[in-house]
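Working notes, structure below.
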Amino acid sequence: MDIREIARRAKVSTATVSRTINRVPTVSPALAKRVWSVIEELGYYPNTQARALVSGRSRIFGLIISEITNPFFPEIVQVFETIAVQHRYEILLTSTGNDPTRMESAVRRMIERRVEGVAILTFGMEEVLLEDLKLRKVPLVFVDVGPPRPRVSNIRIDYLNGIRQAVQHLAALRHEKIAFITGPLRLKSAMARKQAFLRSMQEIGLEADPRLVVEGDHTMEGGMTAFTRLLAGPIRPTAVLCSNDMTAIGVMRESHDAGISIPRDLSVIGFDDIRLAQFVIPPLTSVQMSQPELARLAFNALLAEVEREVPAPNGTDYLLKTNLVLRESTALISGASTLVEKQR
Numbered sequence: 581m582d583i584r585e586i587a588r589r590a591k592v593s594t595a596t597v598s599r600t601i602n603r604v605p606t607v608s609p610a611l612a613k614r615v616w617s618v619i620e621e622l623g624y625y626p627n628t629q630a631r632a633l634v635s636g637r638s639r640i641f642g643l644i645i646s647e648i649t650n651p652f653f654p655e656i657v658q659v660f661e662t663i664a665v666q667h668r669y670e671i672l673l674t675s676t677g678n679d680p681t682r683m684e685s686a687v688r689r690m691i692e693r694r695v696e697g698v699a700i701l702t703f704g705m706e707e708v709l710l711e712d713l714k715l716r717k718v719p720l721v722f723v724d725v726g727p728p729r730p731r732v733s734n735i736r737i738d739y740l741n742g743i744r745q746a747v748q749h750l751a752a753l754r755h756e757k758i759a760f761i762t763g764p765l766r767l768k769s770a771m772a773r774k775q776a777f778l779r780s781m782q783e784i785g786l787e788a789d790p791r792l793v794v795e796g797d798h799t800m801e802g803g804m805t806a807f808t809r810l811l812a813g814p815i816r817p818t819a820v821l822c823s824n825d826m827t828a829i830g831v832m833r834e835s836h837d838a839g840i841s842i843p844r845d846l847s848v849i850g851f852d853d854i855r856l857a858q859f860v861i862p863p864l865t866s867v868q869m870s871q872p873e874l875a876r877l878a879f880n881a882l883l884a885e886v887e888r889e890v891p892a893p894n895g896t897d898y899l900l901k902t903n904l905v906l907r908e909s910t911a912l913i914s915g916a917s918t919l920v921e922k923q924r
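Numbering (my numbering), first residue to last: 581 to 924.
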């Protein structure tokens with residue numbers, strides 16, 4: 581089956597079939613509809629690589645994430661792919677495992693497949709590795725770390741809004757000894773979350789004790805290790821705010837092993853609001869960074885750049901807000917309820 585048979589049945593020229601398949605806008609809607617109807621009827625699948633060579637367009641977007649095993653990413657991939665299919669795009673997915681060598685290999689594959697744009701949702705990979713894509717003027721989307729240049733879009737995460745809500749929530753529950761477990765501080769996103777915590781504490785007149793701020797690695801095991809360090813320290817926290825939900829779940833597990841009841845003895849808040857957060861016991865209060873919205877912003881940013889005739893000289897910024905989602909892992913500090921009753 582080839583385009584000549586499609587042209588014969590649709591009663592159009594082979595050139596019209598080719599232009600329709602390659603989505604050339606000069607084809608009238610009526611003709612395009614007729615051609616697509618025949619294509620579907622015959623079950624014709626065009627050779628996408630050959631089509632890309634002829635048209636100069638592959639209709640493929642690259643999606644690079646850092647860790648496919650992290651529950652934060654699967655929903656992003658699912659939503660990104662769903663939107664891509666709706667727009668008749670394919671996606672080329674790569675997980676780097678935070679390994680620069682794998683990142684370099686991923687970029688090479690993207691170039692070989694002539695991708696039309698790449699969303700880099702790694703939260704901090706080295707930008708220098710993407711120079712080949714920039715030289716080819718391939719539209720790029722970053723989270724927070726993109727440089728201000730043409731065809732580069734940045735999704736700016738408002739970490740402060742959600743973390744401020746979390747700190748104020750804990751303060752309202754009478755907590756003052758609030759610990760913070762960061763992510764790997766080599767990541768700009770982890771450093772931004774730490775700074776948001778310190779600023780939020782300062783805003784309400786609480787001093788963030790440096791002994792209660794420890795570095796983690798955004799894994800459950802890392803959360804367990806970090807919380808063990810907090811327990812071994814000179815100050816016992818009454819609440820722990822974590823840089824992501826996986827860390828928070830690790831804290832909850834280590835608390836269970838240590839005989840610490842959540843939220844009676846310890847309040848815990850995560851960040852990301854992954855689906856798992858609502859199923860742990862007790863359900864985890866978390867700062868929501870919407871994965872579906874992040875995927876939508878990333879795809880739409882790529883699509884806008886592909887369709888833009890004249891790129892913005894300093895790229896384009898998009899904002900993603902964060903908000904606190906209350907569940908059952910936080911409570912009034914132990915003993916405070918008795919004090920409140922006495923004051924009434």
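Every residue gets a Cβ at the ideal spot worked out from N, C-alpha and C, and that includes glycine. In this text, all values refer to a predicted model and were calculated from it rather than measured experimentally.
Same chain only: Cβ atoms within 6 Å of residue 853, ignoring 5 sequence neighbours per side: Excluding sequence neighbours, residue 853 sits near 866, 868, 905.
C-beta contact flag for residue 835 and residue 842 at 7 Å: yes
Helix, strand or coil at residue 630 [DSSP, three-state]: Only weak support is given to the placement of residue 630: the predicted model assigns it a pLDDT of 49, under 50, and the value that follows is read from those uncertain coordinates. Correct three-state label for residue 630: helix.
Distance between beta carbons of residue 753 and residue 911, contact taken as under 8 Å: For a cut-off of 8 Å, the C-beta gap from residue 911 to residue 753 is around 6 Å, short enough to register as a contact.
Residue 601 (DSSP reduced to helix, strand or coil): Note: residue 601 maps to helix in three-state DSSP.
Residue closest to residue 611, alpha-carbon to alpha-carbon, out of 622, 623, 598: 598
Burial state of residue 600, where buried means 16 or more other Cβ atoms lie within 10 Å: buried
Coarse secondary structure for residue 902, derived from DSSP in three states: coil
Whether residue 761 touches residue 794 by CB criterion (7 Å): yes
Residue 785: first and last residue of the uninterrupted beta strand (DSSP E) it sits in: Taken as a continuous stretch (DSSP letters only), residue 785 belongs to no beta strand (DSSP E), as it is neither H nor E.
Start-to-end residues for the alpha helix (DSSP H) that takes in residue 807: 800-812
Residue 735 to residue 594 span [Cα, whole Å]: 42 Å
Residue from 605, 719, 749, 650 with nearest C-alpha to residue 797: Nearest option by C-alpha distance: 650.
Helix, strand or coil at residue 759 [DSSP, three-state]: strand
Validate contact between the segment 885-900 and the segment 659-667 using beta carbons, cut 8 Å, 3 pairs: no
Nearest residue (CA-CA) to residue 657, options 643, 837, 620, 703: Ranking the options by Cα distance to residue 657, first place goes to 643.
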